[in-house]
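Peer 1: Let me begin by handing over the structure; questions about it come next.
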Amino acid sequence: MTGLFQSWGMTFEWAWFAATIAGILLIALPLMLAVAMIIYVDRKIWAAMALRRGP
């Protein structure tokens, strides 16, 4: 991936830094979204279970 950034005109140091950040984000963002969705669905399920039935 550093080669891609270097082809865009970055020096090796900045290309390595950008590639590292991109790799971290590539792993962290889907993981954070998955955790957020799991928490959202979990809260919806428990809220539905807590609904009062009756008059």
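The numbering used here numbers the first residue of the sequence shown as 1325 and each following residue consecutively. Heads up, the beta-carbon is just placed ideally off N, CA and C, and yes, glycines get one too. Since the model is a prediction, treat every value here as computed from it, not as a measurement.
Name the two residues that bound the continuous alpha helix (DSSP H) containing W1370.
Peer 2: Segment 1336–1373, the alpha helix (DSSP H) holding W1370.
Peer 1: From L1357 to A1346, what distance separates their C-alpha atoms?
Peer 2: C-alpha separation (whole angstroms): 16 Å.
Peer 1: Going by other Cβ atoms of all chains shown within 10 Å of its Cβ, with 16 needed for buried, is A1371 buried or exposed?
Peer 2: Exposed, since its Cβ has fewer than 16 Cβ neighbours within 10 Å.
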